[in-house]
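>
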């Protein structure tokens with residue numbers, strides 16, 4: 001709150017226009033976050049129902065949405081900037097892309113010879129799948145569907161490259177850690193490690 005007061009005073013001194021905010025509560029409370037209040041089942045169902053509406057942000061149906069991106073990625077004159085722009089646009093939507101869209105995007109990335117973008121795109125898809133259970137089911141399905149293409153283009157998945165595990169991470173005793181995290185990161189199997 002003191003930062004806001006200081007910023008207001010500085011703005012008044014420099015004669016900038018300032019809009020006053022009247023509040024009796026903390027402005028940015030993390031406890032009001034929707035992700036913390038909703039159970040995962042309800043949260044997932046809400047967004048699945050949201051996507052199954054007949055119209056989403058101007059897109060009539062899912063097939064039209066997929067066709068737009070597939071056609072865009074399949075353009076022969078596409079360059080690196082356009083591929084990144086399309087992937088950013090695709091990532092901004094709250095959807096997990098269909099395997100056909102993923103295939104078109106990976107082909108476009110390889111056409112512009114950007115291997116790193118392929119791997120980052122696969123990582124983004126994995127993150128968008130949500131919880132660990134969803135990642136196993138949905139991300140596993142997508143990888144299974146695009147596996148022949150990955151082999152054809154010579155693209156490794158993030159798991160094959162070891163990007164799903166921390167590389168140089170060591171838990172510090174002064175930080176709070178849940179017991180299960182030590183097991184997840186494999187520190188319970190290291191010699192001489194004590195919890």
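In our numbering, the protein residues as written are 1 to 195. Glycine is no exception: its CB is placed at the ideal position from the N, C-alpha and C atoms.
#1: Just verifying my parser: in three-state terms, what is the DSSP assignment at residue 78?
#2: Hey, could you find the ends of the alpha helix (DSSP H) residue 140 is sitting in?
#3: Determine whether the beta carbon atoms of residue 107 and residue 69 lie at a separation below 9 Å.
#4: Would you identify the three-state DSSP class for residue 181, choosing helix, strand or coil?
#5: Considering only residues of the same chain and omitting the five flanking positions on each side of residue 139, which have a CB-CB separation below 7 Å?
#6: How is residue 191 classed by DSSP in three states: helix, strand or coil?
#7: In angstroms, rounded to a whole number, what distance separates the CA positions of residue 63 and residue 148?
#8: If you follow the alpha helix (DSSP H) that residue 129 is part of, which residue opens it and which one closes it?
#9: So the candidates are 113, 98, 181; which of them puts its Cα closest to the Cα of residue 80?
#10: Tell me whether residue 112 sits in a helix, a strand or coil according to DSSP, three-state version.
#11: What are the boundary residues of the alpha helix (DSSP H) that residue 161 is part of?
#12: For residue 164, name the three-state secondary structure that DSSP assigns.
#13: Quick one: what does DSSP say residue 99 is sitting in, helix, strand or coil?
#14: So which of 134, 157, 166, 85 has the shortest CA-CA distance to residue 119?
#15: Using the C-alpha atoms, what's the distance from residue 153 back to residue 100?
#16: Can the beta-carbon of residue 104 be found closer than 9 Å to that of residue 121?
#17: Within 10 Å of its beta-carbon, does residue 189 have 16 or more other beta-carbons around it, so buried, or fewer, so exposed?
#18: Between 90, 85, 82, which has its C-alpha nearest residue 67's C-alpha?
#19: Is it buried or exposed, residue 161, if we count other Cβ atoms within 10 angstroms and call 16 or more buried?
#20: Whole angstroms is fine: what's the gap from residue 95's alpha carbon to residue 83's?
By the coordinates alone:
#1: coil
#2: 140-153
#3: no
#4: helix
#5: 125, 126, 129
#6: coil
#7: 23 Å
#8: No alpha helix (DSSP H) holds residue 129; DSSP gives it neither H nor E.
#9: 113
#10: coil
#11: 158-161
#12: coil
#13: helix
#14: 157
#15: 15 Å
#16: no
#17: exposed
#18: 90
#19: exposed
#20: 18 Å
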